[in-house]
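**Student:** I have a structure I would like to understand better, so I am pasting it below and will then ask my questions one at a time.
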Amino acid sequence: REREDDVRESVLFSPCAGPDIDALNKLEEADEAAKGSKCGGADDEDDDGGGDRDYGAMADGILDRLVALRDSDSDDQSVEPLRCRVLYIPTAMYALNPNSNNTPGKQRQRARSDGKKRRNVVVEIVNDLLNGDEGGGGNNPERETRGAEVLAVTLDLSDGSVKQPAICSGSGSGSGSGHAPPSSSDDDASSGLFPSDGREALTSWNPHLIYVEGGNTFWLTHCLEEGRWGDDLRGAVCGDGAAMYVGKSAGAILAGERVETATWKGWDDPSVVDSRPTYDDWTDHPGLSLAGPRTSFFPHMNDDWIELVEERRTTMEEREGTTTGGDDESGVAGDEKKGAAGGRVLCLRENEACCVDGDRGEVFLVEGQ
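End of the sequence shown = 369 in the UniProt record's numbering, gap-free, step of one.
In structure tokens:
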């Protein structure tokens with residue numbers, strides 16, 4: 001019961017961030033001990049779906065740039081390994097819970113630890129794409145990337161700090177993938193491989209992948225604006241040679257034209273931002289508009305939210321004096337069952353992602369298993 005309470009408390013404050021990883025792991029261990037078998041639930045459902053998730057879209061975007069940079073270098077390629085730079089932004093997770101029994105310092109410490117674990121999962125996935133058993137190269141087997149390294153750092157937009165530098169190498173014997181897990185790299189020998197601050201991380205460090213974690217959308221947006229990170233972040237993910245932006249939950253909402261969709265479910269607490277403590281304060285509030293001028297996002301969609309989405313979208317359109325119907329102007333076909341008809345707000349279920357191909361000017365949905 002204590003384990004269940006710990007998990008429940010970690011979810012209630014910000015459902016978008018998900019449960020505390022340590023609390024969830026302890027709950028699963030307790031269940032296994034009680035049942036004498038592995039826990040069911042989401043993991044079993046994934047297994048029943050059959051096959052592995054297709055990360056090809058992300059792989060191709062990262063690998064095309066990596067290989068292009070390598071092939072354009074006339075120096076001996078055996079001297080410098082192929083390196084993929086990952087910038088992880090967990091700021092949305094760092095919003096403080098005013099109802100927590102823990103001190104602000106303890107909350108931040110736990111959030112940083114949880115964020116690091118989540119980041120390592122992302123890094124290991126990227127490492128598998130680069131150095132997989134099939135030789136790496138994503139969907140293109142001729143694109144050899146075996147032996148590549150993944151460099152990762154964590155950027156907190158609330159203060160601009162860059163912490164937790166790590167290197168994940170294609171060699172080693174980490175559990176699961178056969179590769180070594182990310183290792184801390186605070187020593188002098190590797191210091192030149194990592195940025196010294198947030199501005200450098202988004203500019204001259206030239207990240208290949210920027211992963212914006214879920215959590216409290218309002219806190220994430222507030223920190224982005226207070227630190228004036230918007231132009232740097234847009235510049236890093238737009239244009240020739242840009243990084244790939246991956247937004248989870250709050251990170252997906254931020255990528256849209258508006259972050260207003262974060263108010264619809266009432267999951268996130270806006271009072272974490274003193275200057276905008278109510279949902280009304282976030283009406284029509286702009287996001288990064290990374291998917292075009294008429295596309296906002298509503299993650300964690302299911303059938304329970306269809307009526308709510310249609311009602312809120314109609315309100316948005318009436319406020320602007322515009323209406324849309326049928327297919328999305330951005331090129332994504334509307335799906336009434338998923339609440340995506342009209343195309344102004346793209347509603348993404350747990351197994352869906354919206355991909356924006358800037359080179360081809362395409363926006364499309366992909367679905368995992």
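Don't be surprised by glycine CBs; every beta carbon is placed ideally from N, CA and C.
Is DSSP giving Phe194 helix, strand or coil here?
**Tutor:** Shown here, Phe194 sits in coil according to DSSP, grouped into three states, outside any helix or strand.
**Student:** Taking C-alpha atoms, which residue in Thr221, Phe218, Cys238 lies nearest to Leu209?
**Tutor:** Cys238
**Student:** Rounded to whole angstroms, what's the CA-CA distance from Ile89 to Ser275? Just pull it up for me.
**Tutor:** 23 angstroms
**Student:** Should Gln109 go down as buried or exposed, given a rule of 16 or more other Cβ atoms within 10 Å for buried?
**Tutor:** exposed
**Student:** Which of the three DSSP states is assigned to Arg247 in this structure?
**Tutor:** Residue 247 is actually Gly in this sequence, not Arg. Reduced to three states, the DSSP call for Gly247 is strand.
**Student:** Please classify Asn351: is it buried, with 16 or more other beta-carbons within 10 angstroms of its beta-carbon, or exposed?
**Tutor:** exposed
**Student:** How many Å lie between residue 379 and Lys265 at the Cα?
**Tutor:** There is no way to answer for residue 379, as the model of the chain reaches only from 1 to 369.
**Student:** Between the beta-carbon of Ala92 and the beta-carbon of Gly227, is there less than 8 angstroms?
**Tutor:** For Ala92 and Gly227, no; Cβs fall outside 8 angstroms.
**Student:** Leaving out five residues on either side along the sequence, give the residues of the same chain with a beta carbon under 8 angstroms from the beta carbon of Thr203.
**Tutor:** Asp232, Gly235, Ala236
**Student:** From the DSSP output, which residues share a beta bridge with Thr154?
**Tutor:** Tyr88, Lys163
**Student:** Does DSSP classify Cys354 as helix, strand or coil?
**Tutor:** strand
**Student:** Can you tell me which of Ala250, Ser271, Asp269, Ala201 puts its alpha carbon nearest to the alpha carbon of Glu213?
**Tutor:** Ala250
**Student:** Rounded to the nearest angstrom, what separates Asn206 and Ala243 at their Cα positions?
**Tutor:** 7 angstroms
**Student:** Among Gly230, Phe298, Ser289, which residue has its Cα nearest to the Cα of Thr263?
**Tutor:** The shortest Cα separation from Thr263 among Gly230, Phe298, Ser289 belongs to Phe298.
**Student:** Can you name the residues that DSSP bridges to Arg258?
**Tutor:** Bridge partners of Arg258: Pro286.
**Student:** Using only the alpha-carbon positions, how far apart do Glu320 and Arg313 sit?
**Tutor:** So the two alpha carbons sit approximately 11 angstroms from each other.
**Student:** Would Val153 pass as a contact of Cys168 if the rule is Cβ separation under 8 angstroms?
**Tutor:** Result no, Cβ atoms of Val153 and Cys168 do not sit closer than 8 angstroms.
**Student:** Distance check for His222 and Asn97, CA to CA, integer angstroms please.
**Tutor:** 16 angstroms
**Student:** Less than 8 angstroms separating the beta-carbons of Tyr94 and Ser158?
**Tutor:** Cβ atoms of Tyr94 and Ser158: closer than 8 angstroms.
**Student:** Have a look at Val121 and His285 and give me their C-alpha separation to the nearest angstrom.
**Tutor:** 32 angstroms
**Student:** Contact check, Lys356 vs Val363 under 8 angstroms by CB: the rounded distance?
**Tutor:** Note on identity: in this sequence residue 356 is Val, with Lys being the wrong assignment. About 5 angstroms separates the two Cβ atoms, so the contact holds.
**Student:** With a Cβ-Cβ cutoff of 8 angstroms, do Leu254 and Gly292 count as a contact?
**Tutor:** no
**Student:** Alpha carbon to alpha carbon, what distance is there between Gly147 and Lys116?
**Tutor:** 24 angstroms
**Student:** Is Arg344 near Met316, with beta carbons less than 8 angstroms apart?
**Tutor:** yes
**Student:** Do Val259 and Thr217 have their C-beta atoms within less than 8 angstroms of each other?
**Tutor:** Cβ atoms of Val259 and Thr217: closer than 8 angstroms.
**Student:** Helix, strand or coil: how does DSSP classify Cys223 here?
**Tutor:** helix
**Student:** Measuring only the C-alpha atoms, how far is Asn101 from Ala111?
**Tutor:** 15 angstroms
**Student:** Rounding to the nearest angstrom, what Cα-Cα distance links residue 371 and Thr261 in this structure?
**Tutor:** The shown model of the chain, from 1 to 369, leaves out residue 371, and the question about it has no answer.
**Student:** Give me, in chain order, the residues of the same chain whose beta-carbon lies closer than 6 angstroms to that of Ser289; leave out the 5 immediate sequence neighbours on both sides.
**Tutor:** Glu257
**Student:** Cutting at 7 angstroms between CB atoms, please list the residues of its own chain near Leu308, excluding the five before and the five after it.
**Tutor:** Trp264
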